[in-house]
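Residue numbers (the numbering used here): 8 to 318.
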């Protein structure tokens with residue numbers, strides 16, 4: 008084929024690839040989620056593989072993790088549903104209290120005060136609405152885990168050399184991030200919810216879970232939840248308890264900022280927290296909720312590819 012013909016053929020294939028990517032990106036995001044789950048559970052699979060055949064180790068690891076999570080959700084569901092219902096009834100009372108005591112406009116405060124509850128509710132509803140996609144992503148994650156040398160098999164099909172090392176490092180860092188992000192969300196929910204329970208703030212665990220869900224957006228999610236919790240405490244118990252709520256959040260944020268976040272985004276991921284926040288907002292704008300959740304692992308993959316090409 009003449010050089011001109013090869014050029015136009017390559018251009019056509021490139022444009023076709025861009026078109027397919029634009030049409031299939033929601034599916035590709037779920038596939039990427041499956042790879043992230045498999046990377047997160049890889050150390051547990053390796054642990055059980057010491058005494059079990061590989062397929063049995065994968066089955067035991069997934070059943071242990073998702074069985075534990077499912078049991079916890081099943082046991083906590085009645086309490087959380089009741090507290091979220093109570094919290095939805097408290098928001099109008101908070102608005103009325105602020106209008107009556109401080110003269111603040113309900114119309115002006117309503118969007119900002121209820122934003123965190125709406126965002127978390129929207130995230131949970133979307134997850135429930137896409138249960139089939141989540142199930143398929145879980146099945147795909149199991150299939151990925153069943154292939155212990157998947158990265159080594161993919162690397163030869165990529166142009167150039169040295170891809171096995173890049174993909175292995177990306178796989179390892181994606182797993183670090185997924186496990187650590189789960190621990191951050193869980194620790195925030197437990198610590199903040201426990202502090203609110205100690206102070207006697209209404210619906211403490213609903214607010215804690217709300218904060219844990221919103222921790223997918225570092226810093227911003229916690230601040231929004233703490234503000235809502237402080238306003239609920241202000242209307243229920245007065246300014247002293249509201250200040251204690253903010254003080255407790257400050258202590259938890261200090262713990263995260265000095266210990267957890269630098270470890271995750273610095274040592275394990277290798278990015279400055281500001282870059283992580285920018286990536287979350289950018290991918291969220293492009294791809295919605297799933298883009299927010301997968302922003303960091305996609306940035307890890309992109310950084311690994313860029314580092315390889317710059318060699």
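We put the beta carbon where it would ideally sit given N, CA and C, even for glycine.
Three-way DSSP call (helix, strand, coil) for residue i in this model
i           : result
residue 245 : coil
residue 208 : coil
residue 232 : helix
residue 308 : helix
residue 155 : coil
residue 96  : helix
residue 282 : helix
residue 147 : helix
residue 113 : Legend: pLDDT at residue 113 = 49, less than 50; position of this residue unreliable, value from coordinates given subsequently. Helix at residue 113.
residue 66  : helix
residue 85  : helix
residue 60  : coil
residue 222 : coil
residue 120 : Residue placement at residue 120 cannot be trusted, given a pLDDT of 49 that sits under 50; the coordinates are not used to answer.
Integer-rounded CB distance, given that residue j should sit under 8 Å from residue i
i           : j           : result
residue 217 : residue 211 : No, residue 217 and residue 211 are not in contact; Cβ-Cβ is about 11 Å, not under 8 Å.
residue 192 : residue 45  : About 20 Å separates the two Cβ atoms, so there is no contact after all.
residue 65  : residue 153 : 5 Å
residue 206 : residue 252 : 6 Å
residue 229 : residue 260 : 6 Å
Residues of its chain near residue i, where Cβ-Cβ distance is below 6 Å and the 5 sequence neighbours each way are ignored
i           : result
residue 256 : 233
residue 200 : 211, 212, 215
residue 263 : none
residue 3   : With the chain covering only 8 through 318, there is no way to say anything about residue 3.
residue 302 : 286, 287, 290
residue 306 : 286
residue 202 : 255
Cβ shell of residue i (< 7 Å), same chain only, five flanking positions each side left out
i           : result
residue 101 : 120, 238, 239, 242
residue 87  : 212, 213, 216
residue 52  : 64, 65, 68, 152
residue 59  : 67
Beta-carbon spacing of residue i, residue j below 8 Å
i           : j           : result
residue 304 : residue 150 : no
residue 308 : residue 144 : no
residue 155 : residue 92  : no
residue 55  : residue 67  : yes
Own chain partners of residue i with C-beta closer than 8 Å, once the 5 adjacent residues on each side are dropped
i           : result
residue 185 : 43, 44, 46, 47, 304
residue 208 : 214, 236, 239, 240, 243, 244, 248, 252
residue 157 : 151
Below-8 Å beta-carbon distance, residue i vs any chain B residue
i          : result
residue 95 : In the displayed structure, chain B is absent; only one protein chain is listed.
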